[in-house]
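At position 38 of the sequence shown (counting the first as 1) the number is 930 in the numbering used here, and the numbers step up by one without a gap. For every residue, glycine included, the Cβ atom is placed at its ideal position computed from N, Cα and C. Working notes, structure below.
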Amino acid sequence: MAETKPSSRASYDASDIRVLEGLEAVRKRPAMYIGSTGPRGLHHLIWEVVDNAVDEAMAGYCTRIDITLLADGGVQVCDNGRGIPVDRHTKTRQPALTTVLTTLHAGGKFDSGAYTVSGGLHGVGLSVVNALSHRLEVEVVREGFHWRQVFAYGKPIGPLERGKPGRRTGTQVTFWADEEIFSETTEYDTDVVTSRLREMAFLGKGLQIRFGDQRGDEPVEQVFEYRGGLIDFVKYLNGSRDPIHPHIAHFEETSDTAELDVAMQWTSGYNETVLSFANSISTHEGGTHEEGFRKALTRAINDFARGRGLLKDKDDNLQGEDVREGLTAVISARVRHPQFEGQTKTKLGNTEIRSFVERALNAALPAWFERNPGEARRIVDKATTAAKARMAARQARDLTRRKSLLDGAGLPGKLADCSSRDPALSEMFIVEGDSAGGSAKQARNSQFQAILPIRGKIINVEKNRIDRVLSNVEIQSLITAIGTGIGDELDVTKARYHRVVILTDADVDGAHIRTLLLTFFYRHMKELIDAGYIYIAQPPLYSMKVGTKTQWAFNDAALARMRTELGTKKAVVQRFKGLGEMNADELWDTTMDPSTRQLLRVQLDDQLRAEEVFVTLMGNDVEARRHFIQHNANDVRFLDI
Ligand code: 0RA
């Protein structure tokens, strides 16, 4: 980051800014611009403003960004970059700042030579934040003065005003989200915000990001600054894991059009944690940078193993999944014109990046292994053991496959399938326990709803190698019922249902089973999450009977709201402890009927946060787990669902 040189392009002037369309469109269809008007969309406002400041940092002009959640619900983002230009635009005859804040896509920096973000929902611009805020204030220091303009609902409520002289340039944006648009909530989640800010600080080596939260009784402050960049990132990710070699491998490479930064370290665990980014945007669907990385890694480890006689002539090559077992790696690419593809626009598509990364690592990895032969041996040992487990797992899998062929249809016996054969219309409920499974079978519409009862706690995939995971019968029936296969062989087009719904009790045990299932999907069937096929059902916590009418509440806040609405009327409130306490009609009405239920779709847009949660909840660090559970009891919001 600090090494990135400013682009050599002539200085900006106001005529660069292209004027496109008005902001009414944004207020009319906010979800088109920020994804949703739920908590995700709300947080997107922050990222939008912070991304602009980070772009300024990536271009080499900004070293510090302050983000403050204000006591009155506002958000303030302050940077020491060049400041938004304030000179007059030749066409619109208004100051560039006003244009940037009131015109869609008038970032002004989209055509520049820097590695600015321009994919997915990122980079839609400050104007979108402005349109969706009931108030927004901008203060800039530039051209020797302070400047200030205030907006409401995206429209200026006064002109750009010049204030006192000022020398140090920068931009400060303060906005208050419009409650009419974000009707669900306008409350920001500290954990969501800080985990993204931490990630940005890891990716922007040397950049100082300060976070303040003034909403509580005691103001909170946190500083994120990592001199080690990605090395610190890997250290952090492996904080509660057990590394099998001391040094974190680190590689940097630059070409005319791209930059690459990679850090990695193997642990004794069984899963891989490979986080990738393009221009600081998380690419959790992977893409060409990850493909180049994987290819070079598999090759380098096989070459080293053969060269040292650790693999004999008769032995098969180690496969990709073998060499990545227990690997924690972060790949950060900077690309001039990034193309984002995939289901959620989080997959890097630029083909030239695949060969760039591969070439860079084909040279760097063997050199690192040669310099650190002791560490390399441990890594090869681990990969060899993983290969053996893989072959054992394959045998077990082939056996079950053959067995199921003999059985006939090949579907698990416990599955009560639906009659529809159209995956797009079909749903499968994974239900914990036989009694709840029984109610669900009675309640369902068997036309399009299948029920798969699972018994007890499924195996913890954080603590078990793939062969053990696959020998677990609950996991076997899950995989067979879904039909896609798992891991490297997963084929999402073979999914037998486009809705796989986790239905567990609304208690601690239910939350545990849900987390075990989610961890399994995250580690072994992530494409299903990316495709948007994984859901969580929300059974109600309470029923409230007034006369003959029954209402349902999904949490304590909703129950309290219903009570105040009722006033003095008499109500009978019942708290459900488990799904088994509901009869089939109640289960259908509240949880399964598509016209009334509330399904949460699992979305994974914050991989770092997901990693933190899964490693903490499922890993070995008991103290960290206790702390997490105390602070996030029954909370699945990390998945941004
Ligand atoms: C347009 C052009 C230039 C900088 C910016 C926008 C800019 C925007 C934001 C938003 C938050 N912080 C920001 N900092 C800068 C380039 C100006 C030049 O060439 O001097």
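Does the Cβ of residue i have 16 or more other Cβ atoms within 10 Å, making it buried, or fewer, making it exposed?
| i | result |
| --- | --- |
| M924 | exposed |
| S1147 | exposed |
| R1336 | buried |
| D1208 | exposed |
| V1249 | buried |
| A1255 | exposed |
| E1515 | exposed |
| K1418 | buried |
| H1416 | buried |
| N1475 | exposed |
| R1133 | buried |
| K1555 | Only positions 893 to 1533 of the chain appear in the structure, and residue 1555 is not among them; the question remains open. |
| Q1341 | buried |
| T1440 | exposed |
| V1115 | exposed |
| R1529 | The predicted model places R1529 with a pLDDT of 39, which falls under 50 and marks its position as unreliable; any figure quoted below should be read in that light. So R1529 counts as exposed. |
| S1487 | exposed |
| V1464 | exposed |
| I1049 | exposed |
| L1317 | exposed |
Would you give the residue range spanned by the beta strand (DSSP E) that residue i belongs to?
| i | result |
| --- | --- |
| G1062 | 1062-1069 |
| S1168 | 1165-1170 |
| G1055 | 1053-1057 |
| T1220 | 1219-1227 |
| V1464 | 1464-1467 |
| L1395 | 1391-1395 |
I'd like to confirm the pairing. Which residues does DSSP put opposite residue i in its beta bridges?
| i | result |
| --- | --- |
| W1444 | S1435 |
| H1038 | V1033 |
| T960 | Q968, G1104 |
| S1174 | F1169 |
| V1115 | R1102 |
| P1345 | V1323 |
| S1025 | A1069 |
| P1135 | T1159 |
| E1151 | T1146, R1226 |
| Q986 | BP columns for Q986 are empty, so no partner. |
Can you tell me the Cβ-Cβ gap for residue i and residue j, rounded? I've got them flagged as a contact below 8 Å.
| i | j | result |
| --- | --- | --- |
| K1239 | G1201 | Rounded, the Cβ-Cβ distance is 39 Å, inconsistent with contact. |
| F1196 | V1154 | F1196 to V1154, Cβ: 17 Å. No contact. |
| I1343 | K1333 | 5 Å |
| I1367 | I1350 | 6 Å |
| P1345 | G1325 | 7 Å |
| D1397 | G1348 | The pair is not a contact, with the Cβ atoms about 13 Å apart (cut-off 8 Å). |
| E1072 | T1078 | 10 Å between Cβ atoms; not a contact. |
| T1190 | V1215 | 5 Å |
Under 9 Å, do residue i and residue j count as touching if we go by C-beta distance?
| i | j | result |
| --- | --- | --- |
| V1400 | I1374 | no |
| A1225 | A1150 | yes |
| G1104 | V1112 | yes |
| L1052 | S1019 | no |
| L1099 | A951 | no |
| W1039 | V967 | no |
| A1188 | A1252 | yes |
| L1210 | L1219 | no |
| R1270 | H1142 | no |
| Q1430 | R1489 | yes |
| D958 | I1101 | yes |
| F1232 | A1279 | no |
| Y1080 | L915 | no |
| L1500 | R1246 | no |
| L1409 | A1387 | no |
| T1411 | V1353 | yes |
| L1167 | S1160 | no |
Which two residues bound the contiguous alpha helix (DSSP H) that contains residue i?
| i | result |
| --- | --- |
| R1263 | 1243-1263 |
| E1183 | 1180-1199 |
| I926 | 922-926 |
| S1318 | No alpha helix (DSSP H) contains S1318, which DSSP labels as neither H nor E. |
| Y1128 | 1122-1129 |
| I1146 | Checking the displayed sequence, the identity of residue 1146 turns out to be Thr instead of Ile. Where T1146 is concerned, there is no enclosing alpha helix (DSSP H), although the beta strand (DSSP E) it sits in stretches over 1141-1146. |
Using a threshold of 8 Å, is the CB atom of residue i nearer than that to any non-hydrogen atom of the ligand GDP?
| i | result |
| --- | --- |
| R1119 | In terms of ligand content, the structure shown lacks the ligand GDP and carries the ligand 0RA instead. |
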